[in-house]
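The working numbering numbers the first residue of the sequence shown as 210 and each following residue consecutively.
Here is the structure we will look at.
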Amino acid sequence: MTASDFNLRQSHLALLAQLCAESGLSNVIISPGSRSAPLTATFASHSAFQCRVVYDERSAGYIALGIAQQTNLPTILICTSGTAALNYTPAVAEAYYQQVPLLLLTADRPPEWIDQQDNQAIHQERLYEPHLQASYTFPSDLSHPDARWHVRRLLSEAIARCTRPVAGPVHINVPLREPLYPPPEG
Numbered sequence: 210m211t212a213s214d215f216n217l218r219q220s221h222l223a224l225l226a227q228l229c230a231e232s233g234l235s236n237v238i239i240s241p242g243s244r245s246a247p248l249t250a251t252f253a254s255h256s257a258f259q260c261r262v263v264y265d266e267r268s269a270g271y272i273a274l275g276i277a278q279q280t281n282l283p284t285i286l287i288c289t290s291g292t293a294a295l296n297y298t299p300a301v302a303e304a305y306y307q308q309v310p311l312l313l314l315t316a317d318r319p320p321e322w323i324d325q326q327d328n329q330a331i332h333q334e335r336l337y338e339p340h341l342q343a344s345y346t347f348p349s350d351l352s353h354p355d356a357r358w359h360v361r362r363l364l365s366e367a368i369a370r371c372t373r374p375v376a377g378p379v380h381i382n383v384p385l386r387e388p389l390y391p392p393p394e395g
């Protein structure tokens with residue numbers, strides 16, 4: 210990934226955060242990991258969000274559920290790739306049956322790394338079905354001229370589906386290629 214590819218990805222992640230902010234979402238629960246670092250940095254640096262770090266994903270899921278129950282607004286959950294995301298499942302099921310809005314952003318390995326006997330490389334698309342209002346995958350190829358439009362459409366639809374027609378959890382899987390951190394200046 211070149212520096213310009215890195216910057217392009219970061220601009221699309223910034224668009225994700227901006228659309229969440231414009232939709233009135235403000236609570237973010239982060240279960241940090243290396244693969245999710247770009248998502249974490251994007252949301253943590255945005256002034257519209259109150260970010261809380263909860264290392265245990267199962268606990269994070271229930272904390273997000275409680276916040277969403279109190280605010281009646283989607284709470285954003287961010288975690289790293291692989292089995293870490295599975296730990297949100299109990300809270301996702303509760304949110305589904307209680308009609309509580311959650312927006313799950315799971316970092317993922319790029320598609321070419323799935324089924325390669327690598328760690329943190331499970332099939333994450335549709336991970337929480339059937340306990341979802343909707344499931345989406347963030348595009349991994351952002352170089353196409355229509356990519357920004359696609360990201361905006363996908364995110365707008367995902368955020369809306371958290372509360373309409375029935376509130377509940379929505380999952381966006383976000384495949385991220387390395388480098389995950391900004392290239393050194395120099």
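Heads up, the beta-carbon is just placed ideally off N, CA and C, and yes, glycines get one too.
These numbers were taken from a predicted model, which means no experiment stands behind them.
query: Does the distance from the C-beta atom of Pro378 to that of Tyr337 stay below 8 Å?; result: yes
query: For a test of the three-state rule: what should DSSP assign to Asn236, helix, strand or coil?; result: strand
query: With a Cβ-Cβ cutoff of 8 Å, do Ile331 and Ile287 count as a contact?; result: no
query: Assign Asp265 to one of two classes, buried (16 or more other C-beta atoms within 10 Å of its C-beta) or exposed (fewer than that).; result: exposed
query: Below 6 Å CB to CB, which residues in the same chain sit around Arg318 once its five sequence neighbours on both sides are set aside?; result: Ser290, Ala330
query: Going by beta carbon distance, what residues of the same chain come within less than 8 Å of Thr251, once the five residues before and after it are set aside?; result: Gln219, Leu222, Ala223, Leu225, Ala226
query: How long is the line joining the alpha carbons of Asn236 and Ser213, rounded to whole angstroms?; result: 30 Å
query: Could you check which residue in Leu234, Asn382, Trp358 has the C-alpha nearest to that of Ala316?; result: Asn382
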